[in-house]
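Below is one structure, written out as structure tokens, with a few remarks after it.
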Amino acid sequence: MTSVGVVGLGVIGRAVCRALDTGLDGCALVGATARDQGRGEAFLKSLATRPPYLTLDDLIACSDLLVEASTQAHLAEWAPKALAAGKDLMILSCGALLAHQEWVALARERGARILVPSGAIGGLDAVKAARVGRVNSVTMETRKPPAGLAGAPGVVARGTDLAALTEPTLIFEGPATEAVPAFPANVNVLAALSLAGIGPARTTIRLYAVPGLTRNTHRIIVEGDAGRVSVEIENVPSENPRTGRLSYLSAIAMLRDLHATLRVGT
Ligand SMILES: NC(=O)c1ccc[n+]([C@@H]2O[C@H](COP(=O)([O-])OP(=O)(O)OC[C@H]3O[C@@H](n4cnc5c(N)ncnc54)[C@H](O)[C@@H]3O)[C@@H](O)[C@H]2O)c1
1 MTSVGVVGLG
11 VIGRAVCRAL
21 DTGLDGCALV
31 GATARDQGRG
41 EAFLKSLATR
51 PPYLTLDDLI
61 ACSDLLVEAS
71 TQAHLAEWAP
81 KALAAGKDLM
91 ILSCGALLAH
101 QEWVALARER
111 GARILVPSGA
121 IGGLDAVKAA
131 RVGRVNSVTM
141 ETRKPPAGLA
151 GAPGVVARGT
161 DLAALTEPTL
171 IFEGPATEAV
181 PAFPANVNVL
191 AALSLAGIGP
201 ARTTIRLYAV
211 PGLTRNTHRI
221 IVEGDAGRVS
231 VEIENVPSEN
241 PRTGRLSYLS
251 AIAMLRDLHA
261 TLRVGT
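Take the sequence shown: its position 88, counting from 1, is numbered 88 in the working numbering, and each next residue is one higher.
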């Protein structure tokens, strides 16, 4: 049985807790933590198994696997501690991995694993397979409602008035190495795509703000010796406009696969 601790009780963390509470083979929810203890405790009391709200240190101590669903900045505060203790990490704020490749070496040294679910995108299976051969380019085109980009450093630095946009507008074009720090809460998917494929320096994005758009859409295009892979995803937003429902479903699917006898897809 894998003891699972959940860090962050927002849209993703709560959905993962509910799924574990309902029952995922081979996994048990041992507790959770978040920024607001009162709200966190109230949520956890609403679950059938009534898992405890724990301090981060206690949660790390009693978990085999920590599911991170907070922020990149918060993850950076505790990931080294959890990995040093040999604990496995499932990371949703996976953009943090681009600036912390040393976590992989630390995990290897301590016998821990770092798992990154596909999150809000699909097609990583094909990207990984294509990558075994030669891949020439990986490009992503992302369209989001303007409100979904509000507050991003990449928007603030450019002084873009999102509310004034009346037509689809290219907000950013460039490699993942620049896009991920500029849009830390918006393009974790790009980080995952780059890690599955040819790395953040060679994986590029065109990011558009589209007034009136109701779904976050991602189009991934991979060109290589195996051919051309083109994947398009239209995500229904959750109550957090930046987070599509597929994001937490993907994390739950990965937990379901942890102990699966039949596992389909790479
Ligand atoms: N990989 C993907 O495809 C993908 C998709 C969507 C979201 N995400 C990322 O996953 C993360 C969670 O997303 P969400 O929609 O659930 O966010 P959310 O804003 O709904 O919830 C975040 C939670 O983290 C907690 N938190 C934040 N800072 C904290 C701190 N310093 N200490 C303790 N708790 C803290 C908050 O209290 C909240 O409970 C975000 O980083 C988001 O960018 C990734």
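Don't be surprised by glycine CBs; every beta carbon is placed ideally from N, CA and C. Quick caveat, the model's predicted, so the values are computed rather than measured.
heavy atom of ligand 1 below 7 angstroms from residue i C-beta
i	result
Ala82	no
Arg35	yes
Gly10	yes
Asn136	no
Val189	yes
Cys94	yes
Thr243	yes
Gly13	yes
Thr169	no
Thr217	no
Thr142	no
His74	yes
Ser63	no
Gly148	no
Gly119	yes
Thr204	no
Exposure label - residue i; buried when at least 16 CB within 10 Å
i	result
Leu267	Here the chain has residues from 1 to 266 only, and residue 267 is not among them.
Asn136	exposed
Ser250	buried
Ala152	buried
Glu102	exposed
Glu232	exposed
Arg50	exposed
Asn216	buried
Asn240	exposed
Alpha-carbon to alpha-carbon, residue j and residue i
i	j	result
Leu65	Ala82	9 angstroms
Thr279	Arg113	Outside the modelled stretch of the chain, which goes from 1 to 266, sits residue 279, for which no answer is possible.
Gly31	Thr166	45 angstroms
Ile12	Tyr248	5 angstroms
Pro80	Ile220	31 angstroms
Gln72	Ala96	5 angstroms
Thr2	Asp57	18 angstroms
Ala260	Pro117	16 angstroms
Val138	Pro211	26 angstroms
Leu255	Gly133	29 angstroms
Lys87	Glu77	15 angstroms
Met90	Ala157	31 angstroms
Val229	Gln37	44 angstroms
CB contact check: residue i to chain B, cutoff 8 angstroms
i	result
Ala85	You won't find chain B in this structure, because it holds only one protein chain.
query: Could you give the uninterrupted runs of the beta strand (DSSP E) lying entirely in the segment 167 to 204, keeping only those of 3 residues or more?
result: 169 to 175
- prompt: Which runs of the alpha helix (DSSP H) fall wholly inside the segment 74 to 162 and span at least 4 residues, in chain order?
  reply: 96 to 99, 102 to 110, 124 to 132 and 153 to 156
- request: Scan the segment 20 to 82 and note each continuous alpha helix (DSSP H) run of 4 residues or more that stays entirely inside, going in chain order.
  value: 37 to 45 and 56 to 62
task: Output the residue ranges of the beta strand (DSSP E) runs that lie fully inside the segment 194 to 263 and measure 3 residues or longer, sorted by chain position.
output: 203 to 209, 216 to 224 and 227 to 235
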